[in-house]
Amino acid sequence: MLNLALSILFSTLIFVVFKLYSIYKVETLYAIITNYVVASSVGFFFYKGTIQIETLPEKPWFWGTLVLGVLFIVVFNLMAATSQKVGVSAASVATKMSLVIPVLAGVLLYNELLSGFQILGIVLALAAVYFASVKETSIALLKSSLILPLLVFLGSGIIDASIKFIQAIHISESEFPLFSATVFASAAFTGILFIGFKSIRTPLRVNFKNILGGIVLGILNYFSIYFILKALQHPSLNSAAVFTINNVAIVLFSTLLGIILFKERLSTKNWGGIVLAVISIALVALF
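Residue 148 in numbering that gives the first Met the number 0 sits at position 149 of the sequence shown, with consecutive numbering throughout.
Dropping the structure here:
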């Protein structure tokens, strides 16, 4: 449970860093790409074995990391587009409700069993994520506006399910740092290509704030992935429980930190979501 708690902590701090980006005018795209370079470097630093770059393609998980790296960049850009065109709440809800996909994958692919209380907890978790994220000011959604949140939902869920699949089939615990580093290196390479093409039309603007923001985010990002991999090794928690507790607890604690650190105000629906989050975590974890 300590590994799961640490993953939740680092993931929650990522949201705090994103909030600070808007306060200190950090350019998110450049900070994100710096973050992937830093996260990859941290992984290689903590790997205790001998690193031979030329032998990495021989690892059974290598090609999966390339796909995950591309997904990280694509889903990030989809989240940004959803936030701008549909709303931040829609992006947040779509991201966290994607826990349905790894939960279903655990049941269908790994024959994981869920108790009646756990199923109830997962249903309450979905409601908790929605109510904790929704804002009082709503917008009328066109059918075309639902495409972006749907893509975020699918992309985030596929990332979580893929991490579970690769962890369950291919990775020894000693290779967690190397696996994480390779995923982030793939994301960094994809991001560099992206801004390389973008710079053809728009000149690059790199400054100290972007780099510092990327360094802090990269350290947090690495440990959030590392500890979720460790949590998935827990003998008494299946992946459905791990992803449900992880996602709902992140929503819960990021909301509470928003109140404490940034004086954010919550509606009645938001408080109801927090109560449901606590109940859903208890049901999934204890039963």
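We put the CB at the ideal spot given by N, CA and C, even for glycine.
Buried/exposed call for residue i, threshold 16 Cβ in 10 Å
i	result
I7	buried
W60	buried
V205	exposed
Y225	buried
Y35	buried
Y221	buried
S114	exposed
K95	buried
V122	exposed
I32	buried
S161	buried
L1	exposed
S235	exposed
T81	buried
I22	exposed
I168	exposed
G272	buried
8 Å contact criterion, which residue i and residue j should meet: CB distance rounded
i	j	result
A124	S279	4 Å
V151	M78	6 Å
F130	N269	7 Å
L203	I214	Between I214 and L203 the Cβ distance is about 18 Å, and since that is not below 8 Å, they are no contact.
P176	Y46	4 Å
Sequence-distant residues of its chain with Cβ nearer than 6 Å to residue i (five each side left out)
i	result
S10	S223 and I249
L140	Its pLDDT being 49, under 50, L140 is placed unreliably in this model, and the coordinates cannot settle the point.
S97	F152, S155 and G156
K170	Per the sequence shown, the amino acid found at residue 170 is Ile instead of Lys. Cβ within range, chain order: W60 and F178.
V69	T189
E263	G257
A126	L275
Q166	L228 and L231
S40	none
Residues near residue i in its chain [Cβ-Cβ closer than 7 Å; skip 5 each side]
i	result
T64	F178, T181, V182 and S185
N237	G105 and E111
I258	L265
Q232	E172
W62	none
F242	L98, P101, V102 and D159
F75	I31
Contact under 8 Å by Cβ, residue i with residue j
i	j	result
L251	G120	no
L147	K84	yes
A276	L3	no
K208	V25	yes
L211	I13	no
I244	A284	yes
G190	I52	no
A93	G217	no
I350	F44	Residue 350 falls outside the range modelled here, since the chain spans only 0 to 286, and no answer is possible.
V102	A187	no
L55	I158	no
Any non-hydrogen atom of the ligand ADP closer than 7 Å to residue i Cβ
i	result
A281	Of the ligands one can find in the structure shown there are none, so the ligand ADP has no counterpart to examine.
Other residues of its chain near residue i: CB distance less than 8 Å, five sequence neighbours each side excluded
i	result
T27	F17, Y20 and A79
L149	A93
V15	S253, L256 and L260
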